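Numbering (this note's numbering), first residue to last: 24 to 408.
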Amino acid sequence: MKVKFSGRPLLAVTMGAAVLAGCVSSAAIVPQPRTQPAAQPKAAVRGPAGSVSVPIGQPVRSTMPRPAGPLDPGFRRAPAGLNDRIFELWRAFPGKTGIAVQRIDGEWALSQRGGDLFPQQSVSKLWVTLAVLDAVDQGRMTMDQRVRIGPEDLVVFHQPLAARVRAEGSVTMSVRDLIETAITHSDNLANDSLLRTVGGPSAVRAFVAKKDLGSIRFGPGERLLQAGTAGLTWQQSYSIGRNFEAARAALPAATRQTAMNNYLANPVDGASPAAIASALTRLARGTLLSPESTEYLQGVMSRTKSGPRRLKAGLPPGWQFMHKTGTGQNLGGMTAGYNDIGIATAPDGTRYAIVVMMGSTTAGIPARMALMQSVSSAVAEYHGR
24 MKVKFSGRPL LAVTMGAAVL AGCVSSAAIV PQPRTQPAAQ PKAAVRGPAG
74 SVSVPIGQPV RSTMPRPAGP LDPGFRRAPA GLNDRIFELW RAFPGKTGIA
124 VQRIDGEWAL SQRGGDLFPQ QSVSKLWVTL AVLDAVDQGR MTMDQRVRIG
174 PEDLVVFHQP LAARVRAEGS VTMSVRDLIE TAITHSDNLA NDSLLRTVGG
224 PSAVRAFVAK KDLGSIRFGP GERLLQAGTA GLTWQQSYSI GRNFEAARAA
274 LPAATRQTAM NNYLANPVDG ASPAAIASAL TRLARGTLLS PESTEYLQGV
324 MSRTKSGPRR LKAGLPPGWQ FMHKTGTGQN LGGMTAGYND IGIATAPDGT
374 RYAIVVMMGS TTAGIPARMA LMQSVSSAVA EYHGR
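Spelled out as C-alpha cells, the structure:
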C-alpha cells in the first residue's frame with residue numbers, strides 16, 4: 024500500500040512470510056573443504072607496493088542474544104515516526120537518492136524511491152560472492168580451489184593485488200582468500216577473478232534469476248563497466264599505471280558527459296533499494312545459501328574495511344553492522360553511485376536491512392556520509408517503539 028506524508032508517496036511493503044526465530048550469527052564461519060582438511064590460519068603478508076594477502080581468522084561464535092519473550096511492538100509494523108523521519112531525510116537531500124529499511128525479524132519494510140534503479144558499483148561484488156558460494160553449496164566449486172591471476176587479468180581503480188601480479192608475474196589464490204579480499208577490501212581484481220571463475224556475468228545473472236531477487240542487474244564486469252561509464256572502449260593497456268585516467272582525461276568533455284548521463288539514466292548494473300533490502304533479509308534469514316555459507320558470508324561482511332563513516336558510523340555502541348559499499352567515477356563533483364548496504368543488529372538481536380543509494384547529487388562527500396549516518400541513527404532511535 025501507499026501512505027502519503029507531506030504530499031509525497033511513501034512506499035510501505037508488508038512482509039507476510041513466516042519469519043525465522045532467533046538471530047543468525049555474524050561470526051566468521053568458513054566453510055570447510057569437502058575433500059581435504061582445513062588449512063591452518065595464515066599470518067598476514069604485505070607484498071610490494073601496498074599489496075595484501077588477507078589472512079582468514081579462526082571461527083568465532085557471536086555472543087549476540089536471540090530475541091526472546093513476546094513480540095515487540097515493531098514486529099508487524101514500522102515504529103510510529105520512523106516513516107516520517109526517513110521521508111524528511113530523503114526530501115531534504117539534493118539529487119536522486121534511494122532509501123530502504125526492512126525489519127529482518129519482522130513483517131514490514133519502508134522505502135523512498137525504493138523501486139528505482141541506482142548504480143551499484145562495488146555493491147555488485149555481493150552478488151558475485153553469493154553466486155560463488157551457491158556454486159560451492161552445489162558442489163561445483165570449492166573454497167580451496169586455486170585461481171591464477173596474471174597481467175592479462177588486471178582491471179582498473181582499486182586493485183591492491185595488482186602490485187603482487189606485477190612483481191611476481193602472476194599469483195595464485197584460493198577462492199576463500201579471493202572472497203575475503205573482494206568483500207573486505209573491495210579489490211576489483213579479486214572480484215573479477217571470482218567472476219571469471221564462477222562463469223562470468225551470465226552465471227551471476229542466472230543466480231539472481233534463480234533466487235528471484237527482483238530488480239537487481241549485474242553488469243559486464245569491472246573493465247567494461249568503467250570504460251563505458253567514462254565513454255571509452257576498453258583496452259588492456261588501460262590497466263597499467265594511470266593509463267585509464269589519462270585516456271579518460273583526453274576525451275572531449277561532451278563525450279564524457281554524454282556517457283555519464285546515459286549510465287545514470289539506465290545503469291547497466293542498476294538495482295533498486297527495496298530489492299537489495301529484500302535480498303539482505305533473505306540472506307540473513309538463511310534462505311539464499313546453506314547455513315554454513317550464510318554464516319561465513321556474514322562474517323566476511325562484518326570485516327568490511329571501506330565506508331567506516333557511512334551507515335556504520337550512525338549506529339550507537341552495542342549495535343553490530345555488516346555491509347558492502349559502492350562508489351563510482353566522479354565527474355564535475357558528481358559521483359556515479361555512492362552507496363552503502365548492510366545488516367544492522369541491535370543489542371537484543373533484532374536485525375534490520377538498511378540501504379542508502381545515491382545516483383546523482385550535488386552534495387559533497389561529508390554531506391553524503393551524514394545522510395547515511397542519519398538513516399542508520401533513525402533506525403536505532405526508533406528500535407523497540
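We put the beta carbon where it would ideally sit given N, CA and C, even for glycine.
No experiment lies behind these values; they were computed from the predicted model shown.
{"Asked": "CB contact flag (T220, G254, <7 Å)", "Found": "no"}
{"Asked": "R136 at chain E interface by Cβ criterion, 7 Å", "Found": "Considering every chain present, this structure includes no chain E. It has just one protein chain."}
{"Asked": "Contacts around A359, its chain only, beta-carbon distance under 7 Å, and the 5 residues preceding and following it disregarded", "Found": "P142, T252, M283, Y286, L287, G351, Q352"}
{"Asked": "Cβ-based burial, G173 [other Cβ within 10 Å; buried from 16]", "Found": "exposed"}
{"Asked": "Runs of alpha helix (DSSP H) wholly within the segment 156 to 194 (minimum 4 residues, chain order)", "Found": "184 to 191"}
{"Asked": "Reduced DSSP secondary structure (H/G/I, E/B, other) of S225", "Found": "helix"}
{"Asked": "C-alpha gap between G293 and A276, whole angstroms", "Found": "24 Å"}
{"Asked": "Residues near A386 in its chain [Cβ-Cβ closer than 7 Å; skip 5 each side]", "Found": "F116, P117, G118"}
{"Asked": "At least three beta-carbon pairs within less than 8 Å, the segment 314 to 330 to the segment 147 to 157", "Found": "yes"}
{"Asked": "Rounded separation between Q396 and P389 - CA only", "Found": "10 Å"}
{"Asked": "S262 versus K234, E191, N214, A185, residue with shortest Cα-Cα distance", "Found": "A185"}
{"Asked": "Contact set for M392: own chain, Cβ-Cβ below 8 Å, skip 5 residues either direction", "Found": "R332, R333, A336"}
{"Asked": "6 Å Cβ shell around T327 - same chain, five flanking residues per side excluded", "Found": "T207, H346"}
{"Asked": "Cβ neighbour criterion (16 or more within 10 Å) applied to P339", "Found": "exposed"}
{"Asked": "Exposure label - D210; buried when at least 16 CB within 10 Å", "Found": "buried"}
{"Asked": "F344 vs A367 beta-carbon contact at 7 Å", "Found": "yes"}
{"Asked": "D215, buried or exposed, once every other Cβ within 10 Å from all chains shown has been counted against 16", "Found": "buried"}
{"Asked": "For G123: DSSP bridge partner residues", "Found": "Before going further, note that residue 123 is Ala rather than Gly in the sequence given. Answer is S134, V378."}
{"Asked": "Residues that DSSP places opposite G355 in a beta bridge", "Found": "Bridge partners of G355: none, in fact."}
{"Asked": "Per-residue burial, E175 [other beta carbons within 10 Å of its own, 16 or more giving buried]", "Found": "exposed"}
{"Asked": "Per-residue burial, N106 [other beta carbons within 10 Å of its own, 16 or more giving buried]", "Found": "buried"}
{"Asked": "Cutoff 7 Å; reference L149; Cβ partners in own chain excluding five residues on either side", "Found": "K347"}
{"Asked": "Buried versus exposed call for T204 [16 or more other C-beta atoms within 10 Å across all chains shown]", "Found": "buried"}
{"Asked": "Straight-line Cα distance separating T373 from V227", "Found": "30 Å"}
{"Asked": "Buried/exposed call for G97, threshold 16 Cβ in 10 Å", "Found": "buried"}
{"Asked": "Pair within 7 Å by beta-carbon distance, L218 and V178", "Found": "no"}
{"Asked": "Distance CB(G104)-CB(A123) smaller than 7 Å", "Found": "no"}
{"Asked": "Distance between Q168 and M380 (C-alpha atoms, nearest Å)", "Found": "34 Å"}
{"Asked": "Per-residue DSSP class, three states only, for G322", "Found": "helix"}
{"Asked": "Collapsed DSSP secondary structure at P296 in the structure displayed", "Found": "helix"}
{"Asked": "S295 and L133 closer than 7 Å at C-beta", "Found": "no"}
{"Asked": "Spatial distance of I364 from S329 (CA atoms)", "Found": "12 Å"}
{"Asked": "Beta-carbon gap between L312 and D200 smaller than 7 Å", "Found": "no"}
{"Asked": "Entirely enclosed beta strand (DSSP E) segments - the segment 193 to 218, minimum 3 residues", "Found": "194 to 197"}
{"Asked": "Reference M164, options F230, V398, F110, V198, closest by Cα", "Found": "V198"}
{"Asked": "Inter-residue spacing [alpha-carbon to alpha-carbon] between A307 and L274", "Found": "44 Å"}
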